[in-house]
Every structure is written in structure tokens, then in C-alpha cells.
Amino acid sequence: MHTKYVREAIGMRALSPAIWGVLALSLQLNSAMAEPPAATAEFRTFSIGNLEAIALNDGSLQEPNDGKSFIKGQTPAAVAAVLKSGGVPTDHFEFSIQPLLVRSSRRVLLFDTGAGGDFGPIAGALLSSMHAAGVDPASVTDIFISHTHGDHIGGLVTPAGVLVFANATIHISAPEWRWLSGMNADAAKNVGIAHLDVLVKTITPKVAPFKPDSALIPGVVKAVEVKGHTPGHSGYLIGSDGHTLLYLGDALHNFVVSVREPQWQNAFDTDPTTAAASRVALLARVSANGQRLYAVHFPFPGVGKIVKQDTGYAWVPESLH
Ligand SMILES: [Zn+2]
Numbered sequence: 002m003h004t005k006y007v008r009e010a011i012g013m014r015a016l017s018p019a020i021w022g023v024l025a026l027s028l029q030l031n032s033a034m035a036e037p038p039a040a041t042a043e044f045r046t047f048s049i050g051n052l053e054a055i056a057l058n059d060g061s062l063q064e065p066n067d068g069k070s071f072i073k074g075q076t077p078a079a080v081a082a083v084l085k086s087g088g089v090p091t092d093h094f095e096f097s098i099q100p101l102l103v104r105s106s107r108r109v110l111l112f113d114t115g116a117g118g119d120f121g122p123i124a125g126a127l128l129s130s131m132h133a134a135g136v137d138p139a140s141v142t143d144i145f146i147s148h149t150h151g152d153h154i155g156g157l158v159t160p161a162g163v164l165v166f167a168n169a170t171i172h173i174s175a176p177e178w179r180w181l182s183g184m185n186a187d188a189a190k191n192v193g194i195a196h197l198d199v200l201v202k203t204i205t206p207k208v209a210p211f212k213p214d215s216a217l218i219p220g221v222v223k224a225v226e227v228k229g230h231t232p233g234h235s236g237y238l239i240g241s242d243g244h245t246l247l248y249l250g251d252a253l254h255n256f257v258v259s260v261r262e263p264q265w266q267n268a269f270d271t272d273p274t275t276a277a278a279s280r281v282a283l284l285a286r287v288s289a290n291g292q293r294l295y296a297v298h299f300p301f302p303g304v305g306k307i308v309k310q311d312t313g314y315a316w317v318p319e320s321l322h
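Structure (C-alpha cells):
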């Protein structure tokens, strides 16, 4: 996902890139003082077997249905027809952002960190949601990053270079960490990272790169590679003994389009062909085995299952109170 989200949100699409750069900078500087975005709820608690889980609301991003911002290779009219069939507005896509917190007996685990200050006031509410849920950021022992786009790693570090979760090991797949470490500032801005140098320098001592598909905390967290979105994109299987939750990362983006037309390519994926094949395979697998899912960009809180219907797949959310 890209910084242009912010432009959409504040109606500045027509401004020149140079002006936008200045505005983006002031938005980033001001975002720490901004009110948290309006949200349906700040957090929802639920269980994964004997693990306590908390969905944490970070905010919400939008992209227009214009034939290029998200879905590509389809007409806006064709996309609108699918959005309509899912009962949502047809002129734009909505992407909630909800990092997940899990407590095991000894550890506090955080899956992705939201947008931090990188997307302006429409996102970055993770810390206030954690506060509302009674979780101290200093208590987080392990962070599992699905991939290094700004809406997933923006919450790791303040613009001044301070670790937000000072005591946490940061788990990132080795290919993803290589990709981030070798990125230049312009490429980073395109994936929503405003302060690349500060980010990489600050987190380096805390990063524990892992081999794709590794068991990271035996019986609690296993990495599950889902190829195509970024070079080292990883989901995470959380829990054990028949009580598991699959954290999807950005394997699926939109609860209507990504589920009903998984073969459609989108502009967020680094390798759109591979990502589309991954979506098709994933939906077949999780609808067949009934895997409980956590979808970081589906409507909050994003817990549910995929079911196969006559006309294709559908997302069935779990209602959590
Ligand atoms: Zn994302």
C-alpha cells in the first residue's frame, strides 16, 4: 500500500508531487498529535485455544475504484459489479488495519504494528487502542512482521528514531529483511515508509531474521510463507492442537474482491502473477479445511472463515463482542 492513501483521504489528489512531499512531511510531523480515527471499536478480545488474543484497531485506508489504484486489468464497471454483489460502496475500496496481539503463558506477541505516523491521521491508532485494552507497549516480547510495507511496520519506530516496543524481538523473514535493508528512499516511499534510514538503523539490533516456514515459538507461532505480495511475505499460524488462527498478512486485501475474484491482479503485489496464484491456492485450502483466519485488512476485527459457495468463495466473519 502506498502514501497516496493519505492524498485520497484528505482530498489532495490534484496537487503536484513537490507540494505533496511538503504536505506529507507536515502530516507526519503532526500525526503524533492527531486524534485517533473514528472507528467501530478500539479493540476486541477473543481466544485461540488457551491463548488470549486482542484485535487492535489502527485505522482505515481507502483507494478509489479507478482501474489502477488497487485492482488492475479490469474495468471499474466490472469491479463495481463485484463490490455491489458484496454489499459495499462501488466507488472505492476500504482497507481496515488491525494488528493482532496474543498472550501466551510467558510472552506477549504482536503481529504487525500498523501505520504509525506514516499515513497521517487516518491510521496509526495502535498505541491508543493498546492503551484502551490495558496493554503496556513495554510488555511486548515478540513482534512478527508479515511484510515491510508502511501500514505494517510504520508503528515500530517514531520519526525521531525511538523504538516503540523497546523490549521486543522483531521477527522478519530473511528475504523480506534483505529486501528492506537494500531499499532506497524513493522505493520506500512508494511502499509507505517515510523514514527508511531511521527505521532500518533503529530496528537492526532487534531484528531476528528467520527462514521462511520456520517454527518460531514451538506450539505457538509458525511462519507460513505466502508468495507474491513482497519478496519475503509471511503469514503466521498461531496456536496448536486444533485451535489455530492463520494470520494472513496481505495474502488477501479486500473482503469482497480478493475473495470473490482471487485471480484478479492488483497494484499492491510486487509479483502480481505469483500473488494471484497464492490467493487461489490459499482460498481452496482454507475453505476445504475450515481454517480460522485473521485478515488484517478486512472489516474490523477481521476474524472469520472462507466458505465455498456455488458462485465462488465468501468471507464469513466471526462476531466478537
Ligand atoms: Zn497491508
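Per our numbering, residue 2 is the first one in the sequence shown, and the count goes up by one each step. We treat Cβ as the ideally placed atom computed from N, Cα and C, and that holds for glycine.
Buried or exposed by the 16-neighbour rule on C-beta atoms within 10 Å, applied to residue i
i: Lys309; result: exposed
i: Gly250; result: buried
i: Ser279; result: buried
i: Val304; result: buried
i: Ala79; result: exposed
i: Asn290; result: exposed
i: Lys223; result: buried
i: Glu64; result: buried
i: Ser320; result: exposed
i: Thr312; result: exposed
i: Glu53; result: exposed
i: Pro122; result: buried
i: His322; result: exposed
Rounded separation between residue i and residue j - CA only
i: Ala161; j: Val199; result: 8 Å
i: Thr245; j: Ala268; result: 31 Å
i: Leu128; j: Glu226; result: 28 Å
i: Leu26; j: Ile154; result: Unreliable placement is indicated for Leu26, whose pLDDT of 33 sits below 50; no coordinate value is reported for it.
i: Phe96; j: Gly220; result: 31 Å
i: Gly243; j: Ile173; result: 26 Å
i: Ile239; j: Tyr248; result: 7 Å
i: Gln99; j: Ser48; result: 16 Å
i: Val109; j: Met131; result: 12 Å
i: Leu181; j: Asp59; result: 22 Å
i: Ser70; j: Thr274; result: 17 Å
i: Lys202; j: Tyr314; result: 43 Å
i: Leu317; j: Ala296; result: The sequence given here has Val at residue 317, not Leu. One C-alpha to the other measures close to 11 Å.
Reduced DSSP secondary structure (H/G/I, E/B, other) of residue i
i: Thr274; result: helix
i: Pro331; result: Outside the modelled stretch of the chain, which goes from 2 to 322, sits residue 331, for which no answer is possible.
i: Val201; result: helix
i: Ala54; result: strand
i: Arg104; result: strand
i: Asn66; result: coil
i: Lys306; result: strand
i: Lys223; result: strand
i: Ser212; result: For the sequence presented, residue 212 should be read as Lys rather than Ser. Coil.
i: Lys85; result: helix
i: Arg45; result: strand
i: Leu294; result: strand
i: Val317; result: strand
i: Lys323; result: In the structure as shown, the chain begins at 2 and stops at 322. Residue 323 is therefore absent and cannot be evaluated.
i: Thr312; result: coil
i: Phe269; result: coil
CB contact below 8 Å: residue i versus chain D
i: Ile218; result: In the structure shown, chain D does not exist; there is a single protein chain.
I'd like the ranges of any alpha helix (DSSP H) spanning at least 4 consecutive residues and lying wholly in the region 108-186. Complete alpha helix (DSSP H) runs here, min 4: 127-134, 151-154 and 175-182.
Segments assigned beta strand (DSSP E), at least 3 residues, entirely inside the region 234-262: Counting only runs of 3 or more, we get 235-241 and 244-248.
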